[in-house]
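Asker:
Protein chains: 2
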Amino acid sequence: MKIICSQSDLKNNLAFVSRAVPARPEPLVLGNILLVADETSQKITMTAFDGSLGIRASFQGEVVDGGTVALPAKLFNDIVSRLPEMEITLDCGDGREEDTNLVATLSAASSKLQINGMDGSEFPELPTVASDNVVELPINILLEGLKGCLFAASTELAKQVLTGVHLSSSQDASADDAFLEFAATDSHRLSVVRAFFNDSEVEEDTQSDIAENLTDLAVTIPARALRELEKMVSEGQSTFKMRYDNSQIVFEAGERVLNTLRLTGAYPPYERLIPATFSRQITCDRKRLISSLELVSVLAQKNNIVKFSLNSTDEELTLSVDTPDVGSAKQSLPAEITGEDIDIAFNIKYLMDGIKAISSAEIKMQLNEWNQPVIFTPLSGLQVTYLVMPVQIRN
Amino acid sequence: MKIICSQSDLKNNLAFVSRAVPARPEPLVLGNILLVADETSQKITMTAFDGSLGIRASFQGEVVDGGTVALPAKLFNDIVSRLPEMEITLDCGDGREEDTNLVATLSAASSKLQINGMDGSEFPELPTVASDNVVELPINILLEGLKGCLFAASTELAKQVLTGVHLSSSQDASADDAFLEFAATDSHRLSVVRAFFNDSEVEEDTQSDIAENLTDLAVTIPARALRELEKMVSEGQSTFKMRYDNSQIVFEAGERVLNTLRLTGAYPPYERLIPATFSRQITCDRKRLISSLELVSVLAQKNNIVKFSLNSTDEELTLSVDTPDVGSAKQSLPAEITGEDIDIAFNIKYLMDGIKAISSAEIKMQLNEWNQPVIFTPLSGLQVTYLVMPVQIRN
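Residue numbers (UniProt numbering), protein chains in the order written: chain D, 1 to 395; chain L, 1 to 395.
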């Protein structure tokens, strides 16, 4: 195998696929990047795989001799990122001679580096999708949806289906207000985002085509894969293609491909958790609420609880925190309040995550009693519903 | 005690003194910042101390009631840095009522925070200097000197005097070419910097005054204290005052003071280590040498050794690294070479530290044999001599 390509193409694609390389590769060959050079198409393809997530990227280069080799990911990255921005030649025996290791030689100007590789055939094939379920998803809609809810997915592997984001489509909406719905919850809080197709960057005709194709969509995708998907945007692409069957999902954008296991098992019927009516409502400046929470959280120490006190007469929301033997904090901010005054307490971290994921200038908080779910929504922009359960106030 | 001051004054001075707060305070009171408010001078002074290093800073504020209190450093910092940029009132009982804790109340606009403090009298006094040895040191000279050698001091406490930088003055040089000499070594490498007074930013007359006062200077200062000293530069100050006796050193710049233990014991006679003559000399581009070392170091793995091969015929310096079972790297760069060709090897880290601390565009390397000390010097600018011992090449 012998290829000649630009340092920047090699570096960028390598950095992208390397995100799928596991920290503790098992089997060891997964600590490598698979490199395949195809003489006919003059294409170089790189693949990394951790057993569940696989990432693949291709780019054009000069393929003098086709072939395949697996190279240690970290070393390969470290070398390529330190080489000057110029043409790089990668040359590699075919490993046919016995008793010799497969050695890859990278050369550029006055540099020459050799690293021991492995036979490319030892690298496992990425799983394929057995059905021809293919949908197209506008990239900007997908990214917005993820931004608003990815953080709420559980990080505990034992929580299985909750470690993913549930993606579904509007069922009987007309093409005009068709949307994708994203939901994530770790059982303490829930974030639901509706991203409308007419906010997407694809053309109107294509929008309705896409929407029609999507009527039955309901898949749960691992959050880990979606975090990588956020970085996968390819130049000149406005949509991802998503192929899926009962066990695998494959995203494609241009020359970049991301494979992931699909999370199976029923996703909880989260719509039922969101109260239909509320007896109290508060509207306030979102950034001010964030900085107030940041200030009082300093005194929250371990229990991490903040109390919200509503004062409709003074149109004031007061946050307070009290940690015996350490100190206490109180911060008030102006707010429009309807409903009776009440004290209600939250875990600060859960509150912060959700309020930060909403991007409008003002935020609306709706609640019933101190022990019932509370929802936060933006006053404009992307339609996010963030639900948190309050906590009991110690007295 | 009651003071009113600006958030930024409080924040900046607090951040500065907090660098002396130990990670594991022993006794516990050292985890606090001592705050002293003086009604007469309307000055607020903050002090932190870790038992060996002490930092103190004062600033003007409105002192309504004088007094003193010790407040938990981390909490105090966290609060002040999150308060908005405006006037802050700090109010604190005098602790006279028994059975009550000393509580400090910080208030600003709609925020009110209370933290438990300790009686200021429990905070130890910073050590004082018993003699009237006082010298003045131009700040920019001191900073340049430190930049060129601080990194070479040992980080192993057991190496005692080597954990410091040795500061001495030119003995019999005329005022015109008077200098300060900075030396640091961890026994593997040595960096010596000569900083000349006529490069300083103080006026010429003052320069000679300062130089005359300095003729007998020879002190070893802990590197840890010097790292903080680098951050101590005060507005409108061009010199530090340094007071010292046999056990303590105190640096003063404007309203900022830094106290440190002095390292005792004879500093090794390092001048003798530097060879007087060399049989070989190489000059090359410094940045190119750094990037070449960075590239080949990727393949150096654990042993961390690079071989320099001199080729005077081709005017080329070749760096090479070889790690069995992993790979190898070779990188050549143009160099002016005098003397016979030779192979010589170094620890990459030691080499890098020194070459990075030198700031000229080109660097000169002088050596005799493969097992004798090598020195690196800049072709212009600050006078740095960096000495490293080569290592044996495995064959």
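By construction, the Cβ of each residue, glycine as well, lies at the ideal position given by its N, Cα and C atoms.
None of the values given here were measured: they were computed from a predicted structure.
Are the C-beta atoms of G327(D) and some chain L residue less than 8 Å apart?
Answerer: With 8 Å as the cut-off, G327(D) counts as an interface residue toward chain L.
Asker: If I follow the unbroken alpha helix (DSSP H) through R286(D), where does it start and stop?
Answerer: 286-297
Asker: Using a Cβ-Cβ cutoff of less than 8 Å, which residues in the same chain neighbour M86(D) once the five nearest sequence positions on both sides are dropped?
Answerer: S6, Q7, A108, A109
Asker: Leaving aside the five residues before and after N77(L) along the sequence, list all residues of the same chain whose C-beta is less than 6 Å from its C-beta, in chain order.
Answerer: L14, S18
Asker: Would N368(L) pass as a contact of S309(L) if the rule is Cβ separation under 8 Å?
Answerer: No, the pair does not count as a contact, with Cβ atoms beyond the cut-off.
Asker: Quick one, which residues of the stretch 110-123 of chain D are near chain L if we go by CB-CB under 7 Å, in chain order?
Answerer: S110, S111, K112, L113, Q114, I115, N116
Asker: Using the beta-carbon of each residue, which ones in chain L are nearer than 8 Å to A78(D)?
Answerer: The residue asked about is misnamed: residue 78(D) is Asp in this sequence, not Ala. In chain order, V298 make up the part of chain L whose C-beta sits under 8 Å from the C-beta of D78(D).
Asker: Going by CA-CA distance only, name the one from E315(D), N304(D), F49(D) that's closest to I393(D).
Answerer: N304(D)
Asker: Would you identify the three-state DSSP class for D99(L), choosing helix, strand or coil?
Answerer: In this prediction, D99(L) has a pLDDT of 44, which is less than 50 and means its spatial position is unreliable; nothing more can be read from the coordinates.
Asker: Please go through the same chain and pick out, in chain order, the residues whose beta-carbon is closer than 7 Å to the beta-carbon of D341(L), but skip the five residues on each side of it.
Answerer: L310, N311, S312
Asker: For A178(D), count neighbouring Cβ atoms within 10 angstroms of its own Cβ and tell me buried if that reaches 16, exposed if not.
Answerer: The residue is buried, with at least 16 neighbouring Cβ atoms inside 10 Å.
Asker: With a cut-off of 8 Å, does the C-beta of S312(D) fall near any C-beta of chain L?
Answerer: no
Asker: Identify the residues that DSSP records as bridge partners of N198(L): which are they?
Answerer: Note: N198(L) sits in no beta bridge, so no partner.
Asker: Contact criterion: CB-CB distance below 8 Å. Does Q7(L) meet it with respect to chain D?
Answerer: Output row for Q7(L): interface = no.
Asker: Could you name the residues of chain L that R24(D) contacts, counting a contact when the two beta carbons are closer than 8 Å?
Answerer: Here the premise fails: no neighbours, minimum Cβ distance about 19 Å.
Asker: Given that a residue counts as buried once 16 or more other Cβ atoms are within 10 Å of its Cβ, and exposed if not, what is G31(D)?
Answerer: buried
Asker: I need the straight-line Cα distance from V193(L) to Q383(L), nearest angstrom please.
Answerer: So the alpha carbons of these two residues sit roughly 6 Å apart.
Asker: Short of 6 Å in beta carbon distance, which residues of its chain neighbour S380(D), apart from the five on each side in sequence? Order them along the chain.
Answerer: S360
Asker: Could you pull out every residue in the same chain whose Cβ sits closer than 6 Å to the Cβ of R256(D), ignoring the five residues on either side in sequence?
Answerer: A57, M232, S234
Asker: Once the 5 residues before and after I88(D) are set aside, which same chain residues still bring their CB inside 8 Å of it?
Answerer: I4, C5, S6, Q7, L10, V80, L106, S107, A108
Asker: With a threshold of 7 Å on Cβ separation, who are the neighbours of G164(L) within its own chain once the five nearest residues in sequence on each side are excluded?
Answerer: A153, T220, I221, P222, A223, L263
Asker: Closer than 9 Å by beta-carbon distance: list the chain L residues that pair up with L333(D), in chain order.
Answerer: S110
Asker: So which residues of chain L does K147(D) contact, with C-beta pairs closer than 9 Å?
Answerer: Below the 9 Å Cβ cutoff, chain L contributes no neighbours of K147(D), its closest Cβ being approximately 25 Å away.
Asker: What are the partner residues of E336(D), as DSSP defines its beta bridges?
Answerer: T283(D)
Asker: Flag this pair as yes or no: are the beta carbons of T47(D) and L137(D) separated by less than 8 Å?
Answerer: no
Asker: Relative to the alpha-carbon of V326(L), which residue among M389(L), E316(L), Q301(L) has its alpha-carbon at the smallest distance?
Answerer: Q301(L)
Asker: Considering only their Cβ atoms, is the gap separating Q331(D) from S111(L) smaller than 8 Å?
Answerer: yes
Asker: With distances taken between CB atoms, is the gap from L293(L) to A329(L) smaller than 8 Å?
Answerer: no
Asker: Considering only residues of the same chain and omitting the five flanking positions on each side of Y267(D), which have a CB-CB separation below 6 Å?
Answerer: V161, H166, T220
Asker: Which same chain residues, not among the five before or five after V21(D), have their C-beta less than 6 Å away from its C-beta?
Answerer: A48, A73
Asker: Taking 8 Å as the CB-CB cut-off, is L75(L) touching chain D?
Answerer: yes
Asker: I want to verify the contact list: residues of chain D whose CB lies under 9 Å from the CB of L142(L), in sequence order.
Answerer: Under the 9 Å cutoff, chain D gives no residues; its nearest Cβ is about 35 Å from L142(L).
Asker: Answer yes or no: do A37(D) and V63(D) have a C-beta to C-beta separation smaller than 8 Å?
Answerer: yes
Asker: Against chain L, does E340(D) count as a neighbour if the rule is that its beta carbon must be under 8 Å from one of theirs?
Answerer: no
Asker: Starting from F240(L), follow its DSSP beta bridges and name the residues at the other end.
Answerer: L137(L)
Asker: When the distance is taken between beta carbons, is R243(L) closer than 8 Å to N133(L)?
Answerer: yes
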